[in-house]
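A short worksheet on the structure shown next.
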Amino acid sequence: MKLTHHRTLGFAYLTLSAAALVAGVLLSLLMRLHLAWPDWPLPLHGPVLPEEYLGLVTLHGTLMLFFVLTIAPLWGFGNLILPAQIGSRRMAFPLLNATAFWTTVAALLTLLASPFVAGGSPISGWTAYPPLSAIAAAGPGQAAGMDMWLASIALFGLATFMSAVNMLTTIVCLRCDGMAWHRLPLTVWGWFTAALLSLPAFAVLLAALLLLFCDRHLGTGFFLPATLVVNGALAHSPTNGSPLLWLHLFWFFGHPEVYIAILPGMGLTSMVLANFARRRVFAYRLMIAVMLAIGVLGILVWGHHMFVAGLSPFAGSAFAISTMAIALPASAEVLSWIATVWGSRPRLPTAMLFALGFVSLFIAGGLTGPILAQPILDQYLHNTFFVVAHFHLIMAMAGIFGLFLATYYWFPLLTGRTLNERLGRLHFAGTIIGAYATFLPMHLTGLAGEPRQYAQLTGIAGPAGALLAGTMPLQRFITYAAIFLAVAQITFFANLWTTLRSRTRCSQNPWDATTMEWAPEALDPIATEYPEPQTHVAPCEYSLDGANFHPQWLPFTQPEGPE
Amino acid sequence: MLLMQAATLGQRFWRLPADAAAHGPALDRHLLLNLWIVLALLALAHVLLMVGVARRRAHTPPRRQALIEFLPLAGLALLFAFLSAHAEALWQTARYTGADPAALQVEVTGMQFAWYFRYPGADAIFGVTKPELVAPGEGNPLGLDSTDAHSADDFVSSQLVLPAGRQVDLRLRSQDVIHGFSVPEMRLKQNAVPGQTIHIHFTPTTPGSYAILCSQLCGLGHYRMAATLRVVAEPDFEAWLAQHNAGVER
Amino acid sequence: MPAIFTPPRTGPHRKDSRDKLGEGDHGAGRQPPPDKRTGGNGDGDNWNDRPVGSRGPRERLTQTRIGLGSALAGDLMFFVALISAFFVTKSNGHFNPYGEYIYAWLPTTIPKILWANTVVLLLSSATAEMARRSMFREHDVMDEWFGLGRPTSRRASIWLAATLLLGMSFLAGQWNAWQQLAAQHVFFRSNPSSHFFYLITVTHALHLFLGLAALVAALAVLRASRQFATRQIFVDTTVWYWHAMGALWIFLFVLLEFFQ
Ligand code: HEA
Ligand code: HEA
Ligand code: CUA
Ligand SMILES: [Cu+2]
Chain A
314 MKLTHHRTLG
324 FAYLTLSAAA
334 LVAGVLLSLL
344 MRLHLAWPDW
354 PLPLHGPVLP
364 EEYLGLVTLH
374 GTLMLFFVLT
384 IAPLWGFGNL
394 ILPAQIGSRR
404 MAFPLLNATA
414 FWTTVAALLT
424 LLASPFVAGG
434 SPISGWTAYP
444 PLSAIAAAGP
454 GQAAGMDMWL
464 ASIALFGLAT
474 FMSAVNMLTT
484 IVCLRCDGMA
494 WHRLPLTVWG
504 WFTAALLSLP
514 AFAVLLAALL
524 LLFCDRHLGT
534 GFFLPATLVV
544 NGALAHSPTN
554 GSPLLWLHLF
564 WFFGHPEVYI
574 AILPGMGLTS
584 MVLANFARRR
594 VFAYRLMIAV
604 MLAIGVLGIL
614 VWGHHMFVAG
624 LSPFAGSAFA
634 ISTMAIALPA
644 SAEVLSWIAT
654 VWGSRPRLPT
664 AMLFALGFVS
674 LFIAGGLTGP
684 ILAQPILDQY
694 LHNTFFVVAH
704 FHLIMAMAGI
714 FGLFLATYYW
724 FPLLTGRTLN
734 ERLGRLHFAG
744 TIIGAYATFL
754 PMHLTGLAGE
764 PRQYAQLTGI
774 AGPAGALLAG
784 TMPLQRFITY
794 AAIFLAVAQI
804 TFFANLWTTL
814 RSRTRCSQNP
824 WDATTMEWAP
834 EALDPIATEY
844 PEPQTHVAPC
854 EYSLDGANFH
864 PQWLPFTQPE
874 GPE
Chain B
644 MLLMQAATLG
654 QRFWRLPADA
664 AAHGPALDRH
674 LLLNLWIVLA
684 LLALAHVLLM
694 VGVARRRAHT
704 PPRRQALIEF
714 LPLAGLALLF
724 AFLSAHAEAL
734 WQTARYTGAD
744 PAALQVEVTG
754 MQFAWYFRYP
764 GADAIFGVTK
774 PELVAPGEGN
784 PLGLDSTDAH
794 SADDFVSSQL
804 VLPAGRQVDL
814 RLRSQDVIHG
824 FSVPEMRLKQ
834 NAVPGQTIHI
844 HFTPTTPGSY
854 AILCSQLCGL
864 GHYRMAATLR
874 VVAEPDFEAW
884 LAQHNAGVER
Chain C
27 MPAIFTPPRT
37 GPHRKDSRDK
47 LGEGDHGAGR
57 QPPPDKRTGG
67 NGDGDNWNDR
77 PVGSRGPRER
87 LTQTRIGLGS
97 ALAGDLMFFV
107 ALISAFFVTK
117 SNGHFNPYGE
127 YIYAWLPTTI
137 PKILWANTVV
147 LLLSSATAEM
157 ARRSMFREHD
167 VMDEWFGLGR
177 PTSRRASIWL
187 AATLLLGMSF
197 LAGQWNAWQQ
207 LAAQHVFFRS
217 NPSSHFFYLI
227 TVTHALHLFL
237 GLAALVAALA
247 VLRASRQFAT
257 RQIFVDTTVW
267 YWHAMGALWI
277 FLFVLLEFFQ
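Residue numbers (the working numbering), protein chains in the order written: chain A, 314 to 876; chain B, 644 to 893; chain C, 27 to 286.
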């Protein structure tokens, strides 16, 4: 139980992200309640002020994207599973690993403290566009609160940087004998690509944060034009800077970041589908190439967040093309998923159900991507709830499904018990119904013109008020659905609780999985009495009828000769 | 004719607001096309998924990679290419070229949390504005410099009034933070970035009053940074102009 | 649960799957054994029989090198971002309300001492390299392997100490440069160009502080650590980091000197 041991850290990361997630969920429910019933005063608090709503949105987005969907799949399950999956018994740099974890803790605490400083939490969203984020006078929470946000994200960036270095080195150096690159499970490829992306992405983010800090406290104006009039007061900047510079730097980070959040889930889904379909992942090597392609292209598409932000229209066209290009590898993934399960009559334990759910949500959320990628359509849809629907389906919900999938799939490995199937199915049904019921209608309110980050949709005069008020019935429905979705999670936690307290142990490889982490000694911290792990075949070696399988760690019984 | 009906039906199904701009119908048609295609793909993908799961186990796993992977991929590539090509054409007509010289000039200024619309007046030239003169209290929200000859006849309105059927050339500016000038019924959206003047042009067609929203988070009043666009017939517009010019003379 | 064994029919299906798509996998193919030039404690055990990750010095060395390499690659992007901001800001002129063209960027005159500093830093890289080389000279290190005194380490510590001194004098030189600018009333706040001059030099100086810390650590390890391999690794990593910072400085210096 060493504090630098990767299993310990893995569980610690999961606990951390679970805490962040619970907070983020509660915030999102508050947001939904306020959007549906803006006049309803919060018990023990009174009416929700506009700046408070924006604070909720900012914290919700930051918590969920950074502290849930970045650390849980990558560093949480990464630490727990990755070493075993490549046949190693350790991560490359345990000390670095632990340092990164505690830095993340500090980052989370800083963020959670931001609502309680003078002026309250920052209100400029997770994208923190200047000048709003650069000038303290621009709004409540933009003084101390914004500084807390900056500090938190800077710490988080440093931590991610360290963890990424650790993970990359582990994958490159610590693969056991025979674990050639083409035999790495796609899960590892997902982690690898994500870690690879996060190095440049977070480095650029850190630079941007540094510049923003200078603008806020050292009198520079990298993101500030020569003169501004911010609520009555004149603000001069020596530099005639441009807010667009921030947008470029931020989205250069921001777009890779959202792929970082989903890549591990994609890899795991491929492997789990193949596991329960009991055959090899369809077009295995192509999928490896595709993941790397997504990683590379992900660096070239940031401008699709800026079509109407003041870019030249020509740049808009260019980014539209690169964005359409990235939709293709993603589609290739989807096709491979469908082909893998096609006509396989798979067993459908809860883990498999969540894998199929991941595919469904990825398609549903992904298909709206190419729509948004067309500048002329984005000039209508930008910053409407259509976008919110897009990224909640493909990122939020698919990402969360990835986490559930990992939990149900690896639970036997980590605890020796399988989660209860009946509760599991109940949980799956509740979650997928809730997810679609919550986020599909958002497309409609978005198409009806509802903008994001609006503290309320009622009490606005003129045609604007009429336009927004038109969406209220749907708003209420969405809120009910969101509450249902959150409540459905109780079955999950109930399942964890009851299973962890039960005595029944499951067999050592209940899913007939073929990857290294299921080898008998794989997770034994000090397995000296066991022979060193060795890989003999590619993952997912099943006989054609699926009755038999050959795990990666087993040597061939009959001598291998070229037939 | 039939297409028009289909379009209106589609608009109702997808809850698009009314469409009152010259470039609107084409945009809507393309948007609806996209939406229907995506819906079809979504359904198809799910059918394939469920059938695939339900079907009897095949004796050989699928291996015709060319058929199963690259063929559909090529299809999707063509589809995406077609869609973006069409969208690109619309985008170019909307954005690549500036407004024609005869277009009506209006300056739109965003500030926390209101929109102001400045008409150049009789001389058709906007006067100088200076940040240090900005004083919403004294009715000079834009900091108009009264010593400047051109600014004498400029007048500032809190309502955007436009003649139907005439192209308008908006110059977007912001005094403090980034705002988003958004008119859903005109299928129009463009950020106003402080320190920059961004031109955007369009032609309102149907008279009526429409919503102007702010589509870029700009502070606690973001949600109420709304204004009204009134599209009126040409003569009414002339009358409105005359009355305001008179107001300036006095 | 079915028995686990090599399915009989995988033979043919492997053959038809080993086609142009390169799918399928005949179970051959292990990684080449790691070469152990710094290894071989002479106790006759073969490190290849140990699990990956505990295969002796050479493996640990490559591991730290790769870790360092990826970290530096990311770090480079940090400076690339700063530099792109540099050029963007440099190109920002504008018209004020009076129609005058304002161009705030006054190129900072780089104090001459920076040339000297650069030379010093290059020298320090050379001494560092000497230290690193001496840690890996085969025939010298042998007796140290057997624990008969540590002549190599001692030589290395001298070179490292020299590097430390040179590094400190570089930072002192940078400090002096900042003093000179301050004397000319060029401060961080003064104008866009000076923002970047300070931003870049200071961030680089911070990186060098890390380097100094690493040098001190390496010296300490050279004295304290029993394991020769550990000493080698500390020196090697530190020196490579130091080289990287030197190269980065050349890059930044050229930028500041010639691209204002
Ligand atoms: C996990 C996160 C994630 C992922 C994977 C994606 C994937 C994609 N995103 Fe998304 N996006 C976000 C997270 C994500 N996005 C977030 C968080 C935002 C908002 C940021 C903010 O402003 O706060 C955003 C915003 C966003 C915008 C800006 C919208 C705006 O602000 O105006 C755009 C525009 O181009 C875009 C495009 C795309 C595209 C083209 C993809 C493509 O990669 C999608 C590829 C997938 C597919 C194309 C589906 C494949 C399936 C099929 C093709 C079906 C196959 C059919 C059969 C088999 C029959 N996204
Ligand atoms: C991972 C990302 C993530 C997740 C999961 C969510 C989840 C939810 N979000 Fe989130 N949201 C964002 C990311 C996310 N969001 C971002 C980035 C923004 C933009 C912020 C900005 O504009 O700056 C945003 C903005 C946003 C808005 C727009 C606000 C506005 O612009 O006005 C709304 C409004 O309805 C909303 C609602 C919800 C709801 C109802 C959920 C519900 O799904 C909540 C229900 C919760 C669950 C279903 C998850 C439960 C899961 C577990 C308990 C798993 C635990 C298991 C393990 C850890 C193994 N979100
Ligand atoms: Cu102005 Cu939002
Ligand atoms: Cu993106």
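By construction, the Cβ of each residue, glycine as well, lies at the ideal position given by its N, Cα and C atoms. Given the structure is predicted, the values throughout are model-derived calculations rather than measurements.
>> Between A244/C, G119/C and I136/C, which has its C-alpha nearest L281/C's C-alpha?
In response: I136/C
> If you measure beta-carbon to beta-carbon, which residues of the stretch 709-741 of chain B are closer than 8 Å to chain A?
Replying inline: I711, E712, P715, L716, L719, A720, F723, A724, L726, S727, A730, E731, L733, W734, Q735, A737, R738 and Y739
> Is any beta-carbon of chain A found at less than 7 Å from that of V145/C?
Replying inline: no
> Which residues in the same chain as T812/A place their Cβ atom closer than 7 Å to its Cβ, once the five residues preceding and following it in sequence are excluded?
Replying inline: R730, L732 and N733
> Between which two residues does the alpha helix (DSSP H) carrying S110/C extend?
Replying inline: P83 to K116
> With distances taken between CB atoms, is the gap from L798/A to P754/A smaller than 7 Å?
Replying inline: no
> First and last residue of the alpha helix (DSSP H) that includes R159/C?
Replying inline: I139 to F162
>> Taking only three categories from DSSP, how would you classify V749/B?
In response: strand
>> With a threshold of 7 Å on Cβ separation, who are the neighbours of Q833/B within its own chain once the five nearest residues in sequence on each side are excluded?
In response: L815, F824, I841 and I843
> Helix or strand or just coil, what does DSSP make of G361/A?
Replying inline: Reading off the sequence shown, one finds Val at residue 361/A, where the question assumed Gly. Correct three-state label for V361/A: coil.
>> Any C-beta of chain A within less than 8 Å: which residues of the stretch 215-227 of chain C qualify?
In response: R215, S216, N217, P218, H221 and L225
> At a CB-CB cut-off below 8 Å, which residues of chain A make contact with S96/C?
Replying inline: A477, V478, L481, T482 and L512
> Just by C-beta distance, which residues in the stretch 646-670 of chain A are closer than 9 Å to chain C?
Replying inline: none
> Residues of chain A with CB under 7 Å from I92/C, in chain order?
Replying inline: T482, V485 and C486
>> Just to confirm, is the Cβ distance from N677/B to I684/A under 7 Å?
In response: yes
>> Please classify G70/C as buried or exposed, where buried requires at least 16 other C-beta atoms within 10 Å of its C-beta.
In response: In this predicted model, G70/C has a pLDDT of only 49, less than 50, meaning its place in the structure is not dependable enough to derive any value.
> Mind pulling the beta strand (DSSP E) runs of 3 or more residues that sit fully within the stretch 175-228 of chain C?
Replying inline: none
>> Any C-beta of chain C within less than 7 Å: which residues of the stretch 548-575 of chain A qualify?
In response: P551, T552, N553, G554, S555, L558 and L562
> How far does the alpha helix (DSSP H) with W266/C in it reach, from first residue to last?
Replying inline: F254 to F284
> Relative to ligand 5, is the shortest distance from any of its heavy atoms to the C-beta of C857/B smaller than 6 Å?
Replying inline: No copy of ligand 5 appears in this structure; the ligands present are ligand 1, ligand 2, ligand 3 and ligand 4.
> Relative to ligand 2, is the shortest distance from any of its heavy atoms to the C-beta of L378/A smaller than 6 Å?
Replying inline: yes
> Do we get a CB-CB distance below 7 Å when we pair A596/A with the residues of chain B?
Replying inline: yes
> Which residues in the same chain as P428/A place their Cβ atom closer than 8 Å to its Cβ, once the five residues preceding and following it in sequence are excluded?
Replying inline: G368, L372, S434 and G458
> So I707/A packs on G737/A, CB below 8 Å; how close in whole Å?
Replying inline: Rounded, the Cβ-Cβ distance is 24 Å, inconsistent with contact.
> Given D797/B, which residues of its chain have a CB within under 8 Å of its CB, disregarding the five upstream and five downstream residues?
Replying inline: R761, Y762, P763, G764, F769, G770, L787 and V891
> For the stretch 102-134 of chain C, which residues have a CB atom closer than 9 Å to at least one CB atom of chain A, in sequence order?
Replying inline: L102, M103, F104, F105, V106, A107, L108, S110, A111, V114, T115, N118, G119, H120, N122, P123, I128, Y129, A130 and W131
> Of the choices L497/A, G503/A, R496/A and A420/A, whose alpha-carbon is the least far from that of A464/A?
Replying inline: A420/A
> So what's H618/A in DSSP terms, helix, strand or just coil?
Replying inline: helix
> Can at least three beta-carbon pairs, one atom from the stretch 591-603 of chain A and one from the stretch 851-865 of chain A, be found at a separation below 8 Å?
Replying inline: yes
>> Just checking H887/B against ligand 3 - is the residue's beta carbon closer than 6 Å to any of the ligand's heavy atoms?
In response: no
> Nearest to G759/A by alpha carbon, out of T375/A, S446/A, Q692/A and A450/A?
Replying inline: Q692/A
> Got a sec: is the Cβ-Cβ distance from G193/C to anything in chain A below 7 Å?
Replying inline: no
> In three-state terms, what does DSSP make of M475/A?
Replying inline: helix
>> Taking its Cβ as the centre, do 16 or more other Cβ atoms sit within 10 Å of A697/B, making it buried, or is it exposed?
In response: exposed
>> Residues of chain A with CB closer than 9 Å to the CB of H842/B, please, in chain order.
In response: Within 9 Å Cβ-Cβ: nothing; H842/B doesn't reach chain A, min ~11 Å.
> In chain A, which residues lie with their C-beta within 8 Å of the C-beta of V696/B?
Replying inline: V654, S657, R658, P659, L661 and L669
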